[in-house]
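In the numbering used here, the protein residues as written are 77 to 362. Working notes, beginning with the structure itself.
Here it is in structure tokens:
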């Protein structure tokens, strides 16, 4: 049932994307379909598939990993950011629904998991304005350094507390949700590592944390995507392979979360969080 809804969602947003692109772009894409599937496009789709598999399996790493790769491929930032936001929007919501269908998380009305997701979404909305204000007053290097330190700390705590069981805490989730929203609004990264790790030390199981993060991050991308769609437009020739590649990996990633023991999943989350934090700091210091 949830897979059907996911397909309907993708189809509807696909129609909106085509309409937003305009008739000229649609005609161009139709006329050059045979030449569209170049090695560069296939490489872009493959990169999106690999990055999204990690993201839907561990709750982090899609935008943080994919954006630098696309810039290396020669795309401009104003091409990359809205296309990545669109693919994150589609895959995040689809992944959340499929995680629910697989039993990794429960988004039924009144469930704790649904309330956590809604709280994280609210934190993103609340944190966007103060984050924007801070971003205009602080250097980019300082912001990235702060985010790197926070992500490293979350990774270390996640790994250091593997044998501990935490009681559920709304306060921890709200606090880390605001920090994650600040990270997202100021740099576009650092959301998943903080949110997933924060849920683990707030008493939630790893599979549930991944599913909640996927849904929350997907929904939070809506505002950013709409803003870019209205102001700068969307490069459909980049967005389409990103969406296609990323969407193909979601069902396999959801199955992986279902099959892997929660402890091993938590170890993977901790290690990836720590690596992303160290890489972020290295980019600032080197």
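Backbone N, C-alpha and C define an ideal beta-carbon position, used for all residues, glycine too.
- For residue 323, the enclosing alpha helix (DSSP H) starts and ends at 312–335.
- Positions of the alpha helix (DSSP H) runs, each at least 4 residues long and wholly inside the region 177–258, are given as 188–211 and 216–236 in order along the chain.
- As the crow flies, the alpha-carbon of residue 122 is around 27 Å from that of residue 357.
- About 20 Å separates the CB atoms of residue 326 and residue 269; that is not less than 8 Å, and the two are not in contact.
- Approximately 14 Å separates the beta-carbon atoms of residue 319 and residue 118; this is outside 8 Å, ruling out the contact.
- With respect to the 8 Å criterion, residue 248 and residue 296 are not classified as neighbours on the basis of their beta carbons.
- Between residue 203 and residue 257 the beta-carbon gap is near 3 Å, inside 8 Å, which marks them as a contact.
- Measuring C-alpha to C-alpha distances from residue 133 to each of 232, 179, 287 and 181 identifies 287 as the nearest.
- As the crow flies, the alpha-carbon of residue 323 is around 14 Å from that of residue 314.
- Linking residue 345 to residue 218 through their CA atoms gives a straight-line distance of about 25 Å.
- Taking 8 Å as the cut-off, the Cβ atoms of residue 266 and residue 233 do not count as close.
- The Cβ neighbour count for residue 129, taken over all protein chains shown within 10 Å, is at least 16; the residue is labelled buried.
- The beta carbons of residue 330 and residue 174 sit about 4 Å from each other, so the pair counts as a contact at 8 Å.
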